[in-house]
DNA sequence: AATGATGTATGATATATCTCATATTTTATA
DNA sequence: TATAAAATATGAGATATATCATACATCATT
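Residue numbers (our numbering), protein chains in the order written: chain A, 47 to 292; chain B, 47 to 292.
Have a look at this one:
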């Protein structure tokens, strides 16, 4: 249930409150996670090309079409990747948490962002200038291989998630995102839904009304408890069964 | 319409019929496409770790769950990536053509294939032992970066394809796959459908009956012509419009 | 050439999901 | 704090898609 990245994440919150060296990568708990293969000199290159930003809930971090000129990663928070169609309707590709590289998907294959990125909670982002990042990748193939591993893993997860969504009906889709939030994001059975019902619909390609109806149904069936945005999962077993079969 | 990989592909068919050196990478038209960054020595490592296989239509190349111990790429043919559920029903993730690296998706992130691979047409596959491949990646960061680019591009395409499928209705989905086959795979307005109607359904998450009905409707509307498996696209403009809006 | 299995085709009906309408609650902003 | 805007909630009816049934065509195999 608690993997290394989560432990590091909790640890980072602690460090953030006790150290003034946060702005230097040397003391960042993500160092080992992301940049473990780098020597001090390479490390310094990254650190010098790096800026930290804080985004409040609702703020747009990147807009689709914007030129990619940095490597972004999250140290804290939660974001959504999404597209807006001509009529202004959004479709959400994924919800990403610290440890996912926010723009890793497009960074090596595209000059511009294919998806917009917005913060769902207060989000702390590290921004490394792309030229410096690529420079280090080019000169350190262990690091390149490590990036290869991560990009591959994140892509795989996104593909798997979208793929499995396709054969699910609405109940299965809602069960799936509830389990994702409870198990992968918050690691608690009680959490504040970081998105509106409409956004859940935008993520799983369903209407807002049907998301609301399904939430209500799950509540009536005793699978979850609802209090506005606060959701408590009461019956993981049944929810998992719906996820698998529905 | 005709990009470099397609020209190389056509050229490779020519080469295959006129040269006995096909088994040596040195004369493979994919050398520049895949291994352009390698020096002769690295090249030799790849070549020595390489085997060629021919698969007939319908043959399974890899089964999901099978251990990944080679890097596979297609020189000719067409394959599908798919999963089979407990009840024996297939769901197709993607149809891939030469130039796509067949197992690139999982190779760096997973020990085992997440999807089965089967040939839809006679397919020529090069199989490079993974240890040799990774060895070269580790020692040549230009090559690593190039692989990074490609893996990223292919993943992006798969994600984009599954993502756009989600908001489409059945007509849009069928239009989309017809355009994919006509424009990306065969580059002709008349082609033999390489899959059954059932498989189209497995790819776009629709029932066989509805795929058949939609084909019939497109025919009645004069958008396509149907003769068994041979499909002729008569009205690209309308089909593209359905793809976009439906 | 005969035979069974699979694929293609179409209609009728059932089911899932969407749309539209309306009411209430919560949130954002003046 | 007042007010508007957005979010939540629920029902009724419309639409899209699935399921079931049946018929015929095609393909592989004997």
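Even glycine gets a Cβ: it sits at the ideal position worked out from N, Cα and C. As the structure is a computational prediction, the values presented were derived from the model and not from experiment.
- It is roughly 11 Å from the alpha-carbon of residue 203 of chain A to the alpha-carbon of residue 196 of chain A.
- Of all alpha-carbon atoms in B:88, B:236, B:209 and B:142, the one lying nearest the alpha-carbon of residue 177 of chain B is that of B:88.
- Taken through DSSP and simplified to helix, strand or coil, residue 79 of chain B comes out as helix.
- For residue 147 of chain A, no chain B residue has a C-beta closer than 9 Å to its own C-beta; the minimum C-beta separation is roughly 11 Å.
- Between the segment 162-172 of chain B and the segment 97-111 of chain B, the count of C-beta pairs closer than 8 Å reaches three or more; the two stretches touch.
- Chain A has no Cβ within less than 7 Å of the Cβ of residue 207 of chain B.
- Using a Cβ-Cβ cut-off of 7 Å, residue 215 of chain A does not count as an interface residue toward chain B, since no Cβ of chain B sits closer than that to its own.
- Note on residue 158 of chain B: under 16 other CB atoms within 10 angstroms of its CB, so exposed under the neighbour-count rule.
- Inter-residue distance for residue 146 of chain B and residue 229 of chain B is about 16 Å (C-alpha atoms, whole angstroms).
- Around the beta carbon of residue 283 of chain A, fewer than 16 other beta carbons lie within 10 angstroms, which makes this residue exposed.
- Here residue 80 of chain A has 119 as same chain residues with Cβ atoms under 7 Å from its own Cβ, once five neighbours each way along the sequence are excluded.
- Per DSSP, residue 107 of chain B is one residue of the beta strand (DSSP E) stretching across 106-108.
- Below the 9 Å Cβ cutoff, chain B contributes 137, 208, 211, 212, 250 and 251 as neighbours of residue 212 of chain A, in chain order.
- Per DSSP, the continuous beta strand (DSSP E) segment holding residue 98 of chain A begins and ends at 96-101.
- Under a criterion of Cβ atoms nearer than 9 Å, no residue of chain A is adjacent to residue 179 of chain B; the nearest Cβ is some 11 Å distant.
- In the DSSP annotation of this structure, the continuous segment of the alpha helix (DSSP H) that includes residue 193 of chain A starts and ends at 187-212.
- The straight-line gap separating the alpha-carbon atoms of residue 280 of chain A and residue 82 of chain A is approximately 40 Å.
- With 16 or more neighbouring CB atoms inside 10 Å of its own CB, residue 245 of chain B falls in the buried class.
- About 6 Å separates the beta carbons of residue 223 of chain B and residue 249 of chain B, which is inside the 8 Å limit, making them a contact pair.
- Any Cβ of chain B closer than 7 Å to the Cβ of residue 155 of chain A would place that residue at the interface, and such an atom is present.
- Contact of residue 242 of chain A with chain B is not assigned, every C-beta pair being separated by 7 Å or more.
- Taking a beta-carbon distance threshold of 7 Å, residue 190 of chain A counts as an interface residue toward chain B.
- Between residue 198 of chain A and residue 154 of chain B, the C-beta gap is smaller than 7 Å, which places the two residues in contact.
- Counting only Cβ-Cβ distances below 8 Å, residue 184 of chain A has contacts in chain B at 187, 188 and 191, in chain order.
- Scanning chain B for C-beta atoms nearer than 8 Å to the C-beta of residue 130 of chain A yields nothing, as the closest lies near 12 Å away.
- A distance below 7 Å separates the beta carbons of residue 221 of chain B and residue 289 of chain B.
- In chain A, no part has a C-beta under 7 Å from the C-beta of residue 162 of chain B; the shortest such distance is about 13 Å.
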